[in-house]
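Student: This is the structure I have questions about; it appears just below.
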Amino acid sequence: MHEKILVAVAWPYANSDLHLGQLAGAYIPPDILARYHRFRGNDVLMVSGSDTHGTPITVAAGQLGISPNEVMERYHKSFIESFVGLGISFDLFTHTDTENHWAVTTDLFTRLLEKGYIFRETTKALFCPHDRRFLPDRYVEGGCPFCEFEDARGDQCDNCGKPLDALELVNPRCKLCGKRPEVRETEHFFLDLPQFSEPLKAYLADKGYWRPNVRNFALGMLDEGLRPRAITRDIDWGIPVPVEGYSSKRIYVWFDAVIGYLSATIEWAQNRGTPEAWHDWWDIDKPSRAYHFIGKDNIFFHTLIWPAMLIGYGGRKLPYDVPANEWLTLEGRKLSSSRNWAVWAPDYLSRYDPDPLRYCLTVRAPESSDSDFSWQEFLDRNNNELVGTWGNLVHRMVTFAYRNFCGQVPSPGHLTEPDRAIIDVAERAFMTVGAEIEACRFRSAIGKVMAVAREANRYLDAAAPWKSLKTERDRAATVTYVALRVIDSLKMLFAPFLPSSSQALHQALGYESDLLGTQRTVTVQENTRKHFALVYSYDWEGDIWAPSQLPPGQALRRPEPLFRKLEPEIVEQELARLG
Numbered sequence: 158m159h160e161k162i163l164v165a166v167a168w169p170y171a172n173s174d175l176h177l178g179q180l181a182g183a184y185i186p187p188d189i190l191a192r193y194h195r196f197r198g199n200d201v202l203m204v205s206g207s208d209t210h211g212t213p214i215t216v217a218a219g220q221l222g223i224s225p226n227e228v229m230e231r232y233h234k235s236f237i238e239s240f241v242g243l244g245i246s247f248d249l250f251t252h253t254d255t256e257n258h259w260a261v262t263t264d265l266f267t268r269l270l271e272k273g274y275i276f277r278e279t280t281k282a283l284f285c286p287h288d289r290r291f292l293p294d295r296y297v298e299g300g301c302p303f304c305e306f307e308d309a310r311g312d313q314c315d316n317c318g319k320p321l322d323a324l325e326l327v328n329p330r331c332k333l334c335g336k337r338p339e340v341r342e343t344e345h346f347f348l349d350l351p352q353f354s355e356p357l358k359a360y361l362a363d364k365g366y367w368r369p370n371v372r373n374f375a376l377g378m379l380d381e382g383l384r385p386r387a388i389t390r391d392i393d394w395g396i397p398v399p400v401e402g403y404s405s406k407r408i409y410v411w412f413d414a415v416i417g418y419l420s421a422t423i424e425w426a427q428n429r430g431t432p433e434a435w436h437d438w439w440d441i442d443k444p445s446r447a448y449h450f451i452g453k454d455n456i457f458f459h460t461l462i463w464p465a466m467l468i469g470y471g472g473r474k475l476p477y478d479v480p481a482n483e484w485l486t487l488e489g490r491k492l493s494s495s496r497n498w499a500v501w502a503p504d505y506l507s508r509y510d511p512d513p514l515r516y517c518l519t520v521r522a523p524e525s526s527d528s529d530f531s532w533q534e535f536l537d538r539n540n541n542e543l544v545g546t547w548g549n550l551v552h553r554m555v556t557f558a559y560r561n562f563c564g565q566v567p568s569p570g571h572l573t574e575p576d577r578a579i580i581d582v583a584e585r586a587f588m589t590v591g592a593e594i595e596a597c598r599f600r601s602a603i604g605k606v607m608a609v610a611r612e613a614n615r616y617l618d619a620a621a622p623w624k625s626l627k628t629e630r631d632r633a634a635t636v637t638y639v640a641l642r643v644i645d646s647l648k649m650l651f652a653p654f655l656p657s658s659s660q661a662l663h664q665a666l667g668y669e670s671d672l673l674g675t676q677r678t679v680t681v682q683e684n685t686r687k688h689f690a691l692v693y694s695y696d697w698e699g700d701i702w703a704p705s706q707l708p709p710g711q712a713l714r715r716p717e718p719l720f721r722k723l724e725p726e727i728v729e730q731e732l733a734r735l736g
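The sequence shown begins at 158 in this note's numbering and counts up by one.
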């Protein structure tokens with residue numbers, strides 16, 4: 158029976174280009190899971206979109222001297238181009254400034270308000286007399302009262318991940334003018350999180366399969382005691398509060414953004430002409446599993462706030478897993494957009510191919526602890542592992558077969574014990590690698606695939622068909638066939654991780670079918686507005702996650718190297734671009 162797998166991916170703020178930390182933490186891992194489950198024949202829906210509301214967008218607009226709408230459009234386009242370049246296979250990548258998303262958000266807010274889970278209260282907030290405005294979220298910075306990080310924001314500390322009230326900041330300062338704000342009264346709507354403490358404890362009780370850092374953080378917040386959370390803001394950009402007399406206030410970006418997983422599913426269903434199909438993914442009585450991929454700074458919102466909202470609304474499926482990643486550092490330092498200590502996706506794609514980055518960020522994935530990306534390691538892994546181990550195995554054997562066996566897969570003779578052993582190694586890997594991917598242990602999974610490639614190289618070095626070609630041609634043909642069959646299996650094992658090069662190898666081995674799928678942009682027309690979205694399609698059916706059955710006699714295509722060897726000079730060149 159096919160499973161329904163919802164892959165819900167963090168919505169990037171549309172205020173800057175994507176960088177490597179985001180790719181490693183939230184965008185490459187879900188694509189691996191989605192591609193794998195599609196190969197298994199499961200019904201996969203991978204959704205996300207640009208987060209276009211809230212202070213991240215208005216702050217960027219002020220800094221750039223353009224409107225929030227122009228900021229949103231600029232970076233939404235950039236995100237789509239980067240995802241296409243990297244092969245991130247969204248079934249729908251939309252954004253939050255759509256009629257559909259506004260309607261879904263308004264409905265959820267109204268339902269929670271009617272059921273008594275949202276209340277209104279006069280509260281104190283920081284106000285800047287110089288700029289004559291309240292300072293929500295990113296408009297104020299200061300010291301974190303928990304970890305003493307100096308640049309914590311008014312709603313959260315990016316260093317320790319703790320949610321904050323702006324009044325808790327130590328020595329707060331206005332983001333616009335740098336002056337110290339004063340405290341004034343304002344009125345806001347609050348999500349009454351304490352009402353959900355017991356249901357959330359019950360929800361987390363059976364999540365022993367979650368990553369320890371994720372579950373421990375959520376349980377720790379519950380143990381400390383949940384507090385009501387303000388879910389409206391004094392700004393003029395975003396979704397208006399749907400309550401008479403409060404239309405000048407806007408819904409908090411994090412209340413709005415997590416609803417995007419639901420609204421994107423609804424949009425996907427509408428776009429394909431099956432408007433009720435979204436229920437198959439979200440109704441509590443339907444057999445589906447939802448994986449939410451995020452960075453560790455968003456654990457609070459996805460393990461407590463979003464489940465609380467769904468519990469309060471009623472009848473909706475809660476996240477099955479939240480495989481949040483830790484931080485990726487760059488050359489031993491924390492990434493910093495403001496200081497340009499980052500590698501931006503558009504810049505990377507202008508100089509390099511996608512799969513080497515996908516490989517390196519998976520091998521170094523910060524799944525359980527912080528991890529570091531360095532250009533020297535990128536160079537070494539590209540040249541030694543992708544080119545030297547996997548690429549060399551492919552190129553020397555496909556080229557050998559193409560030149561010496563009339564451009565065809567040769568017919569094998571008697572299989573020796575070493576022949577059967579290496580075929581068996583490759584076949585067993587489908588179970589072990591698949592199990593690791595299903596458990597969201599992608600770092601381990603890709604290591605197991607590369608281990609098979611190394612074992613195949615050792616087999617070839619011992620069998621040496623190039624030596625027996627003239628004296629024992631039948632034996633050379635058998636070894637070549639075995640090698641090509643193992644390579645064909647490895648192609649499939651690598652495909653969730655390295656889709657572009659796997660498709661190139663698929664074609665070189667003579668297949669006409671497609672493993673990559675097709676990404677394309679579409680224009681979605683609503684009643685009063687339209688927007689651009691990224692969609693994905695593929696044409697295989699059933700479970701193709703299986704060992705090779707490469708037929709003898711299949712015509713090969715002229716082989717080309719799968720990967721480019723990089724020159725050592727790139728390390729200094731890339732380091733010079735930082736900072």
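Idealized CB from N, CA, C, for every residue including glycine.
On a Cα-Cα basis, can you pick out the residue from Leu475, Leu691, Gly570, Arg600 that is closest to Thr519?
Tutor: The option with the nearest alpha carbon to Thr519 is Arg600.
Student: Enumerate, from N- to C-terminal direction, the unbroken alpha helix (DSSP H) stretches of 4 or more residues contained entirely within the stretch 511 to 571.
Tutor: Segments of the alpha helix (DSSP H) lying fully in the stretch 511 to 571: 511 to 520, 532 to 537, 549 to 561.
Student: Take Tyr470 as the anchor and find which of Asp312, Pro567, Asn373, Asp440 has the nearest alpha-carbon.
Tutor: Comparing Cα positions, the closest option is Asp440.
Student: Distance, Cα to Cα, Ser694 vs Ala712?
Tutor: Roughly 27 Å between the two C-alpha positions.
Student: Answer with buried or exposed for Glu574, where buried requires no fewer than 16 other C-beta atoms within 10 angstroms of its C-beta.
Tutor: That one is exposed.
Student: Using DSSP's beta-bridge definition, name the partner residues of Leu379.
Tutor: In the DSSP output, where bridge partners are listed per residue, Leu379 has none listed.
Student: Would you check whether the ligand NAD has a heavy atom nearer than 7 Å to the C-beta of Thr589?
Tutor: With respect to the ligand NAD, the structure shown offers nothing to examine, as it has no ligands at all.
Student: Work out the CA separation of Thr422 and Val166 for me, nearest whole Å.
Tutor: Using only the alpha carbons, I get a separation of about 12 Å.
Student: Quick one: what's Ile408 bridged to in DSSP?
Tutor: Ile408 is bridged to Thr389.
Student: State whether the stretch 237 to 244 contacts the stretch 682 to 701, with contact taken as three or more CB pairs (one from each stretch) at a distance under 8 Å.
Tutor: Enough Cβ pairs lie closer than 8 Å, so yes.
Student: Candidates Trp394, Glu381, Thr212, Ile388: which alpha carbon is nearest Leu333's?
Tutor: Of the candidates Trp394, Glu381, Thr212, Ile388, the one whose C-alpha sits nearest the C-alpha of Leu333 is Thr212.
Student: Would you please verify whether the beta carbon of Glu305 is less than 8 Å from any beta carbon of chain B?
Tutor: Included in the structure is just one protein chain, with no chain B present.
Student: Is there contact here, the stretch 388 to 395 with the stretch 478 to 493, by at least three beta-carbon pairs under 8 Å?
Tutor: Taking 8 Å as the limit for Cβ pairs, the verdict is that the stretch 478 to 493 does not touch the stretch 388 to 395.
Student: I believe Ser207 touches Ala171 by the beta-carbon criterion, under 8 Å. Please report the beta-carbon distance rounded to the nearest angstrom.
Tutor: With 8 Å as the limit, Ser207 and Ala171 qualify as a contact, their Cβ atoms being about 4 Å apart.
Student: Taking Cβ positions, are Ala309 and Leu292 nearer each other than 8 Å?
Tutor: Not in contact: Ala309 and Leu292 (Cβ atoms no closer than 8 Å).
Student: Determine, using beta carbons only, whether Arg290 and Ser246 come nearer to each other than 8 Å.
Tutor: Going by C-beta atoms, Arg290 is not nearer than 8 Å to Ser246.
Student: With distance defined between alpha-carbon atoms, name the residue in His345, Phe535, Leu190 nearest to Leu487.
Tutor: Checking every option, the nearest Cα to that of Leu487 belongs to Phe535.
Student: Is it buried or exposed for Asn773, if we count other Cβ within 10 angstroms and need 16 for buried?
Tutor: Residue 773 lies beyond the range of the chain shown here (158 to 736); nothing can be said about it.
Student: Compare the Cα-Cα distances from Ile162 to each of Pro725, Asp188, Leu376 and report the closest residue.
Tutor: Residue Asp188 is the option with its Cα nearest to Ile162.
Student: Which first and last residues belong to the alpha helix (DSSP H) in which Leu461 is found?
Tutor: Note, Leu461: premise wrong, no alpha helix (DSSP H); not H, not E.
Student: Gln682 bridges to which residues according to DSSP?
Tutor: Paired residue(s): Lys687.
Student: What residue from Lys648, Lys443, Leu467 has the CA that sits closest to Phe196's CA?
Tutor: It is Lys648 whose Cα lies nearest to the Cα of Phe196.
Student: For Met554, which residues from the same chain have a beta carbon less than 8 Å from its beta carbon, with the 5 sequence-adjacent residues on both sides left out?
Tutor: Here the set comprises Leu617, Thr637, Ala640, Leu641, Ile644.
Student: Determine whether the beta carbon atoms of Gly311 and Ala323 lie at a separation below 8 Å.
Tutor: Closer than 8 Å, so yes.
Student: Give the C-beta separation of Leu655 and Asp512 to the nearest angstrom, bearing in mind that I take them to be a contact with Cβ-Cβ under 8 Å.
Tutor: Indeed they touch by this definition, with Cβ atoms about 4 Å apart.
Student: Does the count of Cβ pairs from the stretch 417 to 433 and the stretch 250 to 269 closer than 8 Å reach three?
Tutor: With a cut-off of 8 Å, the stretch 250 to 269 and the stretch 417 to 433 count as touching, because enough Cβ pairs lie within range.
Student: Per DSSP, which one or two residues make a beta bridge with Trp498?
Tutor: Answer by DSSP bridge pairing, in chain order: Ser493.
Student: For Pro338, is the classification buried or exposed, using 16 other Cβ atoms within 10 angstroms of its Cβ as the cut-off for buried?
Tutor: Looking at its Cβ environment, which holds 16 or more other Cβ atoms inside 10 Å, Pro338 is buried.
Student: Can you tell me whether DSSP reads Leu485 as helix, strand or coil?
Tutor: Leu485: strand per DSSP, three-state reduction.
Student: Less than 7 Å between C-beta atoms, sequence neighbours within five positions excluded: which residues of the same chain meet that for Lys748?
Tutor: Here the chain covers residues 158 to 736 and nothing more, so residue 748 does not appear.
Student: Which value, in whole angstroms, describes the spacing of the CA atoms of His552 and Asp581?
Tutor: Approximately 22 Å between the Cα atoms of the pair.
Student: Distance check for Ala621 and Ile603, CA to CA, integer angstroms please.
Tutor: Ile603 and Ala621: Cα-Cα distance of roughly 27 Å.
Student: Does the separation of the CB atoms of Trp438 and Ser445 fall below 8 Å?
Tutor: Yes, they are a contact pair.
Student: Is Val479 helix, strand or coil when you go by DSSP?
Tutor: If DSSP states are grouped into helix, strand and coil, Val479 belongs with coil.
Student: Under 8 Å by Cβ, that's how I've got Asp527 and Gly570 pegged, so tell me the actual separation to the nearest angstrom.
Tutor: With 8 Å as the limit, Asp527 and Gly570 do not qualify as a contact, their Cβ atoms being about 52 Å apart.
Student: Can you check DSSP and say which residues form a bridge with His436?
Tutor: Paired residue(s): none; His436 is not in a bridge.
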